[in-house]
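S.K.: These protein sequence lines are chains X and U, in that order. Those letters in the first sequence? Residues 1 to 680, by the working numbering. Those letters in the second sequence? Residues 1001 to 1680, by the working numbering. Don't be surprised by glycine CBs; every beta carbon is placed ideally from N, CA and C.
There are 2 protein chains.
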Amino acid sequence: MKPVEGRKRVIIEKVQPQVDCGRYPAKRVLGDAVTITAAVFGDGHDHVSGRLLYRHSSETDWHSTPLTALTNDLWKATFTADKLGDWLYTIEGWVDHFDTWCADLRKRLAAQPTPDKPNASAESQDIPLALRTGALLLSQAAHRAKAPDSKLLAEAAAELNRLADEQRTTYEFPLNDKIIALVEEHPDLTFATRYLQELHLWVDRERARYSTWYELFPRSTSPDPTRHGTFSDVKALLPSIAAMGFDVLYLPPIHPIGNAFRKGRNNSVTSTPDDPGSPWAIGSKEGGHKSINPQLGTLRDFDALVAATHDHGMELALDIAIQCSPDHPWVAEHPDWFVIRPDGSIQYAENPPKKYQDIYPLNFESPDWRGLWEALRDVFTYWIRRNVRIFRVDNPHTKAIPFWEWCIAEIHKKYPDVILLAEAFTRPHVMYSLAKAGFTQSYTYFTWRNTRDEIQEYFEEITKPPISDFFRPNLWPNTPDILHATLQNGGRPAFMQRLILAATLGANYGIYGPAFELCENVPAKPGSEEYLNSEKYEIRRWDRSASHSLAPLITQINQIRRNNPALQSDGSLHFHPADNPNIICYSKSSGPNKILVAVNLDPTQEQAGWIDLDLKQLAIPHNENFEIEDLLTGAHYTWHDRSNYVSLKPDLMPAHIFRLVRPSTGETTLNAAVTEPEAK
Amino acid sequence: MKPVEGRKRVIIEKVQPQVDCGRYPAKRVLGDAVTITAAVFGDGHDHVSGRLLYRHSSETDWHSTPLTALTNDLWKATFTADKLGDWLYTIEGWVDHFDTWCADLRKRLAAQPTPDKPNASAESQDIPLALRTGALLLSQAAHRAKAPDSKLLAEAAAELNRLADEQRTTYEFPLNDKIIALVEEHPDLTFATRYLQELHLWVDRERARYSTWYELFPRSTSPDPTRHGTFSDVKALLPSIAAMGFDVLYLPPIHPIGNAFRKGRNNSVTSTPDDPGSPWAIGSKEGGHKSINPQLGTLRDFDALVAATHDHGMELALDIAIQCSPDHPWVAEHPDWFVIRPDGSIQYAENPPKKYQDIYPLNFESPDWRGLWEALRDVFTYWIRRNVRIFRVDNPHTKAIPFWEWCIAEIHKKYPDVILLAEAFTRPHVMYSLAKAGFTQSYTYFTWRNTRDEIQEYFEEITKPPISDFFRPNLWPNTPDILHATLQNGGRPAFMQRLILAATLGANYGIYGPAFELCENVPAKPGSEEYLNSEKYEIRRWDRSASHSLAPLITQINQIRRNNPALQSDGSLHFHPADNPNIICYSKSSGPNKILVAVNLDPTQEQAGWIDLDLKQLAIPHNENFEIEDLLTGAHYTWHDRSNYVSLKPDLMPAHIFRLVRPSTGETTLNAAVTEPEAK
């Protein structure tokens, strides 16, 4: 079947970014310069032109900006995402007869008679006729334009016809830049091709790209060891947490904890009346996902904590875990939201032979799935209305992915500033699928990527398109569920290494706080990644003033992140080879701000080696000196060309975080320091 | 907005093959085992199952075949494309509660009491309850099945309930394979997800994948040097062309040639009455694209030639060049199909300052584009009705690409066996776009890829997905337009090298015949790729019996191609490193048939070196002997492990074409021959 208009000769392909053929939006943050690229071409030798059309979904008219040519039929254009939420973009391309004519005329003019080629003539090159063709194109442009442009274009057309009438021996190019620009402003779109899709772009606020998380259990924050911690106790800690440089304070679930099958210390199946239970066993007669565990305080106390967090330049993040204790009100009110077993009982969480009788999963194949979806969305909107704008979602990969796509769209429709972090540790397709469904940030495999090759391969995948167009890593060296063997065995140096890696590889990172800063490293049992005396099942007391605390280093690193825009995004991450496999080296940059990090991955001993810098990546000229500053020590060094030496003692400081100061002036080459191979 | 059914929990992504998000069909040939892969996964730990749905477009019901799991949520299924034309395929996936239940039950059974764990019990593992759940799943399957299956399933369900009633201390797995298979045959598709698209696959006949082309100018085939060659003269040559092993005989345009501005010898702008003109300047008062140049014969002679070609096991390919001489009947009948200049004249072909006054291009922005499209399609169908099924299309990239997509679809609707070769030498996006629009085969950059790196990089691109899913290379070492410097300067050895490369790198290849086999290598002028005394503008006489003719080598190579299925497709092409950059080494395989080619790319002198074989690719065990046969000489060699030596004299024979005979028995290791490094 013929198309409606067969004269649209331009083909548009490969519009990027594009996630799963446009099935999901690409993601950017507010203020980003969004560059769209596409292949735009036609048949034959005619020139093509094109434009990017873009608009915020709240607007009805497109904005447009011309495409500029890259190589080999690829084009690009950029717009600024200056509003949160859903944007649309597409590409238009057309055969540009005027531009073709200009190029063609220039070739004819160049072939006119010269002293060398006296036989050539303007007439032999059909120049007068070409001028009349140009006059026609200009009059058409005049008809598309409005006054005063239309008048200028009509005059230019008349002038071309006059020139043609003169039948000169030689001609010069007859149009000035202004007229050319005017025609380009009024292109002939009659046969313009529009790309077959309008693609979506989701724009988050900046914290989606750059955030620093601190997790703590409120119940462990009481200064009085005989008392359950409260929101007020958390409030008292805010100055010290803010001082460390965190901007997101994340609390495990704050809801009433079930009594039925409550877990005791160290995940024991029996509990004593003193055991507080797991905060993830949500719901009791005191309420469910919209209620607060009375031991933590009141709703008013919660509101006060939210406000105080903001006062300290931070935000509070809540943990939403979609599961119920057997005491949760929904169990009685909506038994059809759960799986009913043949004996009429409700199916508890189970991974045979393991049983989790204190937890009932929700059934996403419930006949009342619509009611369930709405109730779950209402949990989010309830806390959003209490000024919470960041959520960490527990195990989202065990809930139906189509639910998340709907739920997050519902939330974002009204609250585009909401950030959701997916706590999914599962297979890659499922991880990525949650990010496509709308999660703003995602936990990663970072925790289990410890060797240089592992780190490098993984981060090259997740920080570059296509993955980085929809997936934003948030790196955690530990969580209440995960104490990796590296930390168990590597002591304080391992904590320093993993902290620096997380904070510099990832613009988004977080720590499960007191356990991390105090280098807590005893597992529940050998081979386990669970903590001994895990805070998940009991109240812990932390000596935050202990001399081995990493708080000073954390403070310093978070300050370095704040001062250096290079560390506030991930797209520029670039690895540089080092001859010692225990040393990993990478850079990040943001405009002139360039950071180079070298980390000794061995917590047991000093490692040294030669780094082979990719100078082009760092905009350092070849064979010249350049100055770097170690932001951890304040020391300045002069390095030379690509090959430079580092040596790192893990107990002292397992890393350099260099800022490139400037290319050295060259005067320092007179100084012996330049041949000094050792940077420390 | 909620989906219609929120309980469809399975996500389907990355269905392959898929060309431009399904905008264009992928291509295969008749009889191919078509493997479709996809990522299919759901939330949580439930097992998923899936199936491939496929049908020929002439069928209304889907065929289906179960997906089998690869790694990491990827799945595959295969069907045989046993009919030409348009096929559709898509993927369905669902949470498989029965399969999940089986796995779950096996884990419960494994945790039953044993001498080691006397405290465990069937009851503690909820086994009776699990059996009742299984009974429920089996009854549901019974309802989906028909007799006698439904009866068997219902009985199995009842048996599970009976077992549950027994409350045994220990249980065994209660279902046999037959019942499990029965449930799988009747899956619960209530909440199955269907992939969002039905993708298209175009199935060509086998010659689309494997063909051997010979181009000649009929007018140069007369044995009488005073006479214009005719179709009858061509007929007389058929036995010798068929004997060389060609299966496509391709003729430049056979239509009446224009008289206005007819080109003389060597593209001269003036011609004498004796000059026959360029066959691409189509149309005169004797007719246009549906007429035959009377000097070649009559329509009846043409029909006879087509029939005779078939009798010799070959096919005739016509050249369709969409352009007109000023004498073409369309110029008077349809002036609106051309570009009219401001002075009322018709625009001839021009690339300023070059002019081609003997040719008028068609205007694809004609107001009567519909009429033009139909007329052009009718040119193809006219010759199709005269039993031509292969067309070489001249410069398709200077005609609107949407026209080709429509025109080829129109042709293929009725004649799915038609093969179209795109003679486009232009930018990559345009080349690929024509292939996507429907061209069966494409000319390539092979002619300009002469060094090892150039060849390797280019063929790794065009013989692998995504490109190979829609683009089929047809390699030409020369054409009437292109005499590459390699052939101009390299003499007969260069012709041998380029012939062997074309015939073994590409399952589809062709030569511009007599000029190639007779090693014609004089350019029109230094630096030009045009032939001196080009056959495009004059009648040539060829001494086909000359002693330097490459006909014997061509015959041998085409026979090798015919005997070895490995050389009849391109997907298995694999390059093996060699330490001498003048030696290129690659293999192709088809089942047990494995061919290894080594070519000396230097036409001037002997080159030798060590090849580093990828043994896995060739299914050769490590550290063992294996036997190879050089199909060009018949010599057998025993090689050992991955590192082997070759030495190639370009004047003698610049290549080995080895067939892997079999892994050596090991007995020959006693023989000194195995340590012989030189294969020749």
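What are the start and end residues of each continuous beta strand (DSSP E) run of 3 or more residues lying completely inside the stretch 1017-1050 of chain U, in chain order?
M.R.: Complete beta strand (DSSP E) runs here, min 3: 1026-1029, 1033-1041.
S.K.: Quick one: grab the DSSP three-state call for X/Q197.
M.R.: The answer is coil: DSSP assigns X/Q197 none of H, G, I, E or B.
S.K.: Just to confirm my understanding: we take U/A1317, look at its own chain, exclude 5 residues before and 5 after, and list those with CB closer than 6 Å. What are they?
M.R.: Cβ neighbours of U/A1317 beyond the five flanking positions: V1248, Y1250, I1390, R1392.
S.K.: Between which residues of its own chain and X/K436 is the CB-CB distance below 7 Å, once the five residues before and five after are set aside?
M.R.: The answer, listed in chain order, is V19, D20, Y24, F470.
S.K.: Using only the alpha-carbon positions, how far apart do U/E1460 and U/W1448 sit?
M.R.: Using only the alpha carbons, I get a separation of about 16 Å.
S.K.: Can you list, in chain order, the residues of its chain whose CB lies under 8 Å from that of X/I511, leaving out five sequence neighbours each side?
M.R.: Contacts found: W213, Y214, E215, W476, P477, N478, L499, A502, E517, I554.
S.K.: Does the beta carbon of X/L237 come closer than 9 Å to any beta carbon on chain U?
M.R.: With 9 Å as the cut-off, X/L237 does not count as an interface residue toward chain U.
S.K.: Let me know the alpha helix (DSSP H) ranges lying completely inside the stretch 1494-1542 of chain U, each 4 residues or longer, listed in chain order.
M.R.: Listed in chain order, they are 1513-1517.
S.K.: According to the Cβ coordinates, are U/L1238 and U/A1308 closer than 9 Å?
M.R.: Taking 9 Å as the Cβ cut-off, U/L1238 and U/A1308 qualify as a contacting pair.
S.K.: Below 8 Å between beta carbons is the criterion; list the residues of the stretch 432-446 of chain X that meet it against any residue of chain U, in chain order.
M.R.: Those residues of the stretch 432-446 of chain X that come within reach of chain U (Cβ to Cβ, closer than 8 Å) are S433.
S.K.: Is the beta carbon of U/A1077 sitting closer than 9 Å to the one on U/R1051?
M.R.: It is a contact, given that the beta carbons lie within the stated cut-off.
S.K.: If contacts are defined as beta-carbon pairs under 8 Å, then U/L1105 and U/A1130 qualify, I think. What distance do you get, rounded to the angstrom?
M.R.: That pair is a contact at about 5 Å.
S.K.: Applying a beta-carbon distance threshold of less than 7 Å, which residues of chain X neighbour U/I1011?
M.R.: In chain order: I401, S433.
S.K.: On the three-state DSSP scale, how would you describe U/V1599?
M.R.: The answer is strand: DSSP assigns U/V1599 an E or B state.
S.K.: Run down chain U in chain order and give the residues with a C-beta less than 8 Å from the C-beta of X/A111.
M.R.: By Cβ distance, chain U contributes P1352, P1353.
S.K.: With a threshold of 8 Å on Cβ separation, who are the neighbours of U/V1095 within its own chain once the five nearest residues in sequence on each side are excluded?
M.R.: For U/V1095, where only same-chain residues beyond five positions count, the Cβ hits under 8 Å are R1009, V1010, G1042, D1046, H1047, V1048, F1191.
S.K.: Compare the Cα-Cα distances from U/A1635 to each of U/D1641, U/E1627, U/R1642 and report the closest residue.
M.R.: Cα-wise, what sits closest to U/A1635 is U/E1627.
S.K.: Is U/V1379 helix, strand or coil when you go by DSSP?
M.R.: Three-state result, U/V1379: helix.
S.K.: At 3 residues or longer, and completely inside the stretch 1631-1669 of chain U: list those beta strand (DSSP E) runs for me, N to C.
M.R.: Entirely contained in the stretch 1631-1669 of chain U, the beta strand (DSSP E) runs reaching 3 residues are, in chain order, 1636-1640, 1643-1648, 1655-1663.
S.K.: If you follow the alpha helix (DSSP H) that X/S232 is part of, which residue opens it and which one closes it?
M.R.: Residues 231-243.
S.K.: Thinking C-beta only, is U/D1612 closer than 9 Å to U/A1578?
M.R.: Yes, they are a contact pair.
S.K.: For U/P1003, which option in X/I583, X/W406, X/R659, X/M496 has the closest C-alpha, if you only look at C-alpha atoms?
M.R.: Out of X/I583, X/W406, X/R659, X/M496, X/W406 has the C-alpha closest to the C-alpha of U/P1003.
S.K.: Counting only beta-carbon atoms, is X/K2 nearer than 9 Å to chain U?
M.R.: Yes, its Cβ sits closer than 9 Å to a Cβ of chain U.
S.K.: At 4 residues or longer, and completely inside the stretch 1094-1166 of chain U: list those alpha helix (DSSP H) runs for me, N to C.
M.R.: Qualifying alpha helix (DSSP H) stretches, in chain order: 1097-1110, 1127-1144, 1149-1166.
S.K.: Using the beta-carbon of each residue, which ones in chain U are nearer than 9 Å to X/L129?
M.R.: Residues of chain U passing the Cβ test: R1341, P1342, D1343, S1345.
S.K.: Name the DSSP beta bridge partners of X/G287, please?
M.R.: Answer is X/S284, bridged to X/G287.
S.K.: Are there 16 or more other CB atoms within 10 angstroms of the CB of U/N1293, so buried, or fewer, so exposed?
M.R.: That one is buried.
S.K.: Within 10 Å of its beta-carbon, does X/D570 have 16 or more other beta-carbons around it, so buried, or fewer, so exposed?
M.R.: Flag for X/D570 reads buried.
S.K.: Starting from X/V430, follow the alpha helix (DSSP H) in both directions and report where the run begins and ends.
M.R.: X/V430 -> alpha helix (DSSP H) spans 428-437.
S.K.: To the nearest angstrom, how far is the alpha carbon of U/R1219 from that of U/E1538?
M.R.: Approximately 9 Å between the Cα atoms of the pair.
S.K.: Extract the residue ranges of the beta strand (DSSP E) inside the stretch 1302-1374 of chain U, only unbroken runs of 3 or more that lie entirely within it.
M.R.: The stretch 1302-1374 of chain U contains these whole beta strand (DSSP E) runs: 1315-1321, 1349-1351, 1354-1356.
S.K.: I'd like the list of long-range same chain contacts for X/V15, defined as Cβ closer than 7 Å, with 5 residues on each side in sequence excluded.
M.R.: Result list for X/V15: I36, A38, I91, Y195, L199, in chain order.
S.K.: Who are the near neighbours of X/T669 in its chain, counting only those whose CB is closer than 7 Å to its CB and skipping five residues on each side?
M.R.: Caution is warranted here: a pLDDT of 36 is assigned to X/T669, below 50, making its placement in the model unreliable, and no coordinate value can be reported.
S.K.: Am I right that U/H1056 and U/G1085 are in contact with their C-beta atoms under 8 Å? What's the rounded C-beta distance?
M.R.: That pair is a contact at about 7 Å.
S.K.: Between which two residues does the beta strand (DSSP E) holding U/H1574 run?
M.R.: Taken as a continuous stretch (DSSP letters only), the beta strand (DSSP E) holding U/H1574 covers 1574-1576.
S.K.: Using a Cβ-Cβ cutoff of 7 Å, what residues of the stretch 81-105 of chain X are near chain U? List them in chain order.
M.R.: Listed in sequence order: D104.
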